[in-house]
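Engineer: Note that the working numbering has the first sequence beginning at -14, numbered continuously upward. For glycine and all other residues, C-beta sits at the position ideal for the given N, C-alpha and C. Before anything else, here's the structure in question.
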Amino acid sequence: MKILQKSFFSRDALVVAKELLGKLLVRRDEQGKLIGKIVEVEAYKGKGDQASHAYKGETQRNKVLFEGPGLAYVYFVYGNHFCLNVTTNERGVVLIRALEPIKGIRIMKRRRCVRSYENLTNGPGKLTQAMNITKEQYGTDLTKGPELFICAPQKKEKRLKIVSSKRIGIRVAVEKPWRFYIEGNKCISRK
DNA sequence: TGCTCGATTGTCT
DNA sequence: GACAATCGAGCAC
């Protein structure tokens, strides 16, 4: 498998977001190896995007956004959920909203306490729980592995049909159509 | 130091 | 479809 390099992430958040669809998120921990295909993302630009965590400048929570592309930005929200983002150029980020489970499904089911395959990773809080991603992974370099990284699938994907829509769950800059997902995939979070 | 609110989810109706 | 749970970051004072 080919790990995505810094050059992949050091581009505009919108470009990185679209190209991340169909790529594989790989997590390796004491329980084994987990793989999920990225099927839904949202892009947040650093500059001029009010919904971005970097918009108001550097803080304790978002400092990794200022440290360069290809890093994991994990944060805690609503008292019990983590969200996984990848940094891009110019303080932009891509929020990974949903995965299609590929490997380690049994472990994911145990962690999530659910039986259905579609319900394992079809939401930002769900996928971090299934893949055991917490603030421990804050700042992890996703281009190095082996604990957590993103790679291109071995088989060449068929041309994906990508749909864009408005971003979910935010109050400002809601009009921007910067959410992207693979049309027809069962594992996306909302239609 | 204390208050407010959130890039969500699961449960109940 | 509506809403409570839950806790830490961010901000005001």
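If you drop the 5 nearest sequence neighbours on each side, which residues of the same chain put their C-beta closer than 6 Å to that of ARG12?
Structural biologist: Against the first sequence, residue 12 aligns to sequence position 27. Around ARG12: LEU19, MET116, LEU133.
Engineer: Buried or exposed for ARG152, going by 16 or more other Cβ atoms inside 10 Å?
Structural biologist: For the purposes of this step, residue 152 is identified with residue 167 of the first sequence, where counting begins at 1. Buried.
Engineer: Does the distance from the CB of LEU50 to the CB of VAL59 come in under 7 Å?
Structural biologist: Within the first sequence, numbered from 1, the residue matching residue 50 stands at position 65. Within the first sequence, numbered from 1, the residue matching residue 59 stands at position 74. The answer is no: Cβ separation not under 7 Å.
Engineer: For a test of the three-state rule: what should DSSP assign to THR113, helix, strand or coil?
Structural biologist: Reading the first sequence from its first residue, position 128 is the one you call residue 113. Helix.
Engineer: Can you tell me the Cα-Cα spacing of GLY124 and LEU56, whole angstroms?
Structural biologist: Numbered from its first residue, the first sequence carries residue 124 at position 139. Numbered from its first residue, the first sequence carries residue 56 at position 71. Taking the straight line from one Cα to the other gives about 5 Å.
Engineer: Quick check for students: name the residue ranges of the alpha helix (DSSP H) that lie wholly in the segment -13 to 53, counting only runs of 4 or more.
Structural biologist: Entirely contained in the segment -13 to 53, the alpha helix (DSSP H) runs reaching 4 residues are, in chain order, -9 to -6, -2 to 5.
Engineer: Am I right that LYS22 and LEU84 are in contact with their C-beta atoms under 8 Å? What's the rounded C-beta distance?
Structural biologist: For the purposes of this step, residue 22 is identified with residue 37 of the first sequence, where counting begins at 1. For the purposes of this step, residue 84 is identified with residue 99 of the first sequence, where counting begins at 1. Contact holds; Cβ gap of about 6 Å.
Engineer: Round the Cβ separation of LEU(-11) and LYS3 to the nearest angstrom and send it over; I've been treating them as touching at under 8 Å.
Structural biologist: If you number the first sequence from 1, residue -11 lands on position 4. If you number the first sequence from 1, residue 3 lands on position 18. About 14 Å separates the two Cβ atoms, so there is no contact after all.
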